[in-house]
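Going by the numbering used here, the sequence shown opens with residue 2, and the numbers climb by one from there. Backbone N, C-alpha and C define an ideal beta-carbon position, used for all residues, glycine too. What follows is a short report on a single structure.
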Amino acid sequence: MKSSINRRLRRAGTWAAVGSVLGAAMVVGVPQAHAAKDIIHDAEYYILKAQHGKKWAEQDKAIDAKLDALEKKHGRRPNIIHIMWDDTAVGEIGVPQIQASRGFKTPNMNKFAAEGQYFSRMYTEPSCTPTRAAFQTGRHAVRSGMYTVSFPYEYGGMSEKETTIAEVLSKAGYATAFYGKGHLGDIEQSYMTNMGYDEALWAPYNQVPSMFVPRGDLGPMFPTSVMPELYPDDPYDMDPGWRPTGYVWALEGTKGGPTKEWGTPPNEDDYYAMEGECQKRTLDFIKKSAKADKPFFISYQPIAASFLGTQPGVAKKTVSASILHEFLVGFDNWIPELLKTLKDAGVEENTLVILMADNGPMTHHGPDGMVETLYTGGKGDFTEGAVRVPFLVRWPTVISPNQIVGDIIHVTDLFTTFAHLGGATKYIPTDRIIDGIDQTSLFLNGDTFSRRDYVHIYTGDILAAQVKGRFKRHWVGELPGLSGASFYDLYNDPREVMPKMLPGFTTKTMFDIMKARHELMIRKYPNTKHPRGMPLKGLENPRPAVKKAGEFRFNPKDLPFDPKEFLDYELPYDATMEAWGSGR
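This is the structure:
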């Protein structure tokens with residue numbers, strides 16, 4: 002990996018030299034000016050717009066007329082429910098033929114897919130925190146510094162300077178709610194109620210704390226790493242306070258109101274109860290908003306699982322018995338209740354519902370059942386198996402059923418698309434790059450109507466690969482060769498098994514220029530670092546252990562340095578943090 006990174010740096014230096022000699026903007030066509038009201042996109046979008054802009058403008062006229070007619074019919078803009086869970090490969094949902102060979106079934110989600118659109122090329126970021134940050138902001142996670150996975154304690158999180166889709170839709174009159182796995186940090190400004198949501202119940206971390214319980218310490222975790230009190234005293238354990246004993250299951254609150262801890266770790270019953278509570282609150286928010294005749298946006302990101310498996314005493318739902326499949330089947334059983342609630346509230350035909358995963362399966366050192374299906378790789382990788390996920394869309398009477406969509410779409414596109422649907426495009430910030438492309442035409446017109454044919458794939462802060470239509474280039478991990486055997490035809494090698502050099506040379510310069518445009522835009526609109534701080538502050542009801550999490554376990558005056566210096570020091574990015582042991 003180090004050698005590939007060095008090659009990356011050398012290439013960047015080469016392009017910098019080219020730009021300085023010839024005039025970078027002239028060479029690669031980086032946009033030089035924008036009207037104040039224009040959303041700023043990455044360079045590659047403008048290459049497409051220059052060729053298709055007139056056609057898109059005509060489509061937009063018809064789309065806006067349709068949205069205006071729908072608003073007149075229903076009395077308000079459409080409701081939006083976005084549901085995104087963890088670590089699921091393409092084909093695991095919506096394809097019963099694959100499920101039949103995997104030991105589980107999701108008939109309700111399969112039916113959901115048949116009632117709308119099944120997208121075959123939804124791209125995300127390679128892991129959970131980056132994808133969730135990208136969804137909320139419409140920006141690649143590297144732009145906000147949210148490119149690493151958050152664990153307790155994180156001492157950081159999403160910046161209040163970022164603008165979320167909840168904030169954008171709130172300005173257009175939407176009621177907004179978040180339930181489930183937030184995973185955007187543990188500092189106060191990253192709390193979901195400070196991110197534009199009117200109400201929220203969220204886990205600031207991932208599912209790893211589910212193992213910070215007696216069963217975990219006596220099972221998969223290092224002995225004494227969680228609860229040393231379960232063991233005889235270790236006379237050599239001089240600093241026991243480093244353990245993150247003040248972690249929380251979840252936080253809850255309202256916009257402008259107090260934030261409280263929900264649940265009491267290490268009580269496992271509370272952990273397992275979170276999913277049902279999130280689902281209950283989702284349904285209640287639908288009913289409340291419909292009764293108030295107010296459009297609503299709900300982001301429900303399921304907790305999905307405990308890394309210790311199903312709750313003790315609860316019967317298995319699948320013969321595979323994998324953690325993922327147990328969640329998927331249980332979640333599938335809830336889908337009819339969700340759709341019935343929308344119908345009973347009289348808003349089903351005015352509600353867009355999306356089901357998707359945040360990234361590919363945790364194939365590296367993950368639990369049983371996390372395996373590749375159609376594509377190579379998994380969580381943390383830059384291969385297709387890491388960043389292509391199930392994506393299902395349903396909107397009765399607006400989106401026709403039984404559609405298969407083969408166009409490229411990216412998770413950041415949902416930000417801009419939701420804003421358009423909600424009449425809130427004017428509230429999208431215009432002082433930064435927005436990676437998300439408005440894909441309303443793709444949703445309403447279907448296959449072949451995408452406005453994107455490219456993807457930038459990051460692992461951490463490293464641009465690891467790029468996709469352009471059917472072609473792909475790996476920028477890291479190249480094999481030796483004249484230019485590195487790093488080119489792929491995804492139609493003929495979808496699993497990226499055999500990198501090619503000579504057959505891909507027609508794409509070489511195209512990818513070189515594509516990368517240069519992207520990096521030059523970053524120079525113009527630099528990436529930022531996410532803020533750092535002490536965790537879990539500002540809670541109304543902190544337990545003693547939670548309160549201590551935001552304090553030092555020693556007297557800072559006894560140190561010859563400022564113990565908060567570490568907050569300003571950013572460790573060099575370690576690719577193994579994201580790759581979960583990937584050897585590619």
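In terms of DSSP beta bridges, what is residue 158 paired with? 186
Grouping DSSP H, G and I as helix and E and B as strand, with all else coil, what is residue 193? helix
Within the continuous beta strand (DSSP E) that includes residue 80, where are the two ends? 80-86
Assuming the contact rule is C-beta atoms closer than 8 Å, residue 177 and residue 171 should be a hit. Round their C-beta distance to whole Å, please. 5 Å
Counting along the chain, where does the beta strand (DSSP E) carrying residue 261 start and finish? 260-263
Are at least three pairs of beta-carbons, each pair with one atom in the stretch 445-465 and one in the stretch 370-384, less than 8 Å apart? yes
Which residue wins for smallest C-alpha separation from residue 264, given the options 274, 295, 371? 274
C-beta contact flag for residue 441 and residue 38 at 8 Å: no
Return yes when the Cβ of residue 402 is within less than 8 Å of the Cβ of residue 349, no when it is not. no
Just mark residue 243 as buried or exposed, buried being the case when its beta carbon has 16 or more other beta carbons within 10 Å. exposed
For the putative contact between residue 71 and residue 351, defined by C-beta atoms under 8 Å, what is the C-beta separation to the nearest angstrom? 7 Å
Straight-line CA distance for residue 65 to residue 400? 15 Å
So, are the CB atoms of residue 126 and residue 142 less than 8 Å apart? yes
Please identify the residue among 365, 377, 219 whose C-alpha is closest to the C-alpha of residue 309. 219
Separation of residue 47 from residue 84, as counted between CA atoms: 30 Å
Residue 44 vs residue 522 beta-carbon contact at 8 Å: yes
Threshold first: 3 residues or longer. Then list the beta strand (DSSP E) segments lying entirely within the stretch 306-357, N to C. none
Touching or not, the stretch 281-290 and the stretch 557-569, by the rule of three or more beta carbon pairs under 8 Å? no
Please report the residue range of the alpha helix (DSSP H) in which residue 41 lies. Per DSSP, residue 41 belongs to no alpha helix (DSSP H) and is neither H nor E.
Starting from residue 508, trace the alpha helix (DSSP H) both ways and give me its first and last residue. 506-525
What separation, rounded to the nearest whole angstrom, lies between the Cα atoms of residue 82 and residue 472? 33 Å
Which of the three DSSP states, helix, strand or coil, is assigned to residue 538? coil
Report buried or exposed for residue 373, applying the criterion of at least 16 other Cβ atoms within 10 angstroms of its Cβ. buried
Taking the Cβ atom as the reference point for each residue, do residue 443 and residue 494 lie within a distance shorter than 8 Å? no
Specify, as a first and last residue, the run of the beta strand (DSSP E) that residue 123 falls within. 118-124
Under a Cβ-count criterion, where at least 16 other Cβ atoms within 10 Å of its own Cβ denotes burial, should residue 1 be classed as buried or exposed? Nothing in the structure corresponds to residue 1, since the chain is present only between 2 and 585.
Would you mind giving the Cβ-Cβ distance between residue 201 and residue 253, rounded to the nearest angstrom? I have them listed as a contact below 8 Å. 7 Å
Could you name the residues that DSSP lists as bridge partners for residue 231? Paired residues: none, contrary to the question.
Exposed or buried, which one is residue 251 when buried takes at least 16 other CB atoms within 10 Å? buried
Please report the Cβ distance between residue 175 and residue 298, rounded to the nearest whole angstrom; I am assuming they are in contact, meaning their Cβ atoms lie under 8 Å. 5 Å
Please return the same chain residues whose Cβ sits closer than 6 Å to the Cβ of residue 191, not counting the five positions on each side in sequence. 158, 159, 185
Is residue 117 near residue 394, with beta carbons less than 8 Å apart? yes
Determine contact between the stretch 145-159 and the stretch 101-110, defined as no fewer than three beta-carbon pairs at a distance below 8 Å. no
Would you kindly report the start and end of the unbroken beta strand (DSSP E) that includes residue 459? 455-460
Tell me which residue opens and which closes the beta strand (DSSP E) that residue 225 is part of. Looking at the DSSP string, residue 225 is not in any beta strand (DSSP E), and its letter there is neither H nor E.
Anticipated Cβ contact below 8 Å, residue 504 with residue 91, distance rounded: With a Cβ gap of about 25 Å, residue 504 and residue 91 do not count as contacting.
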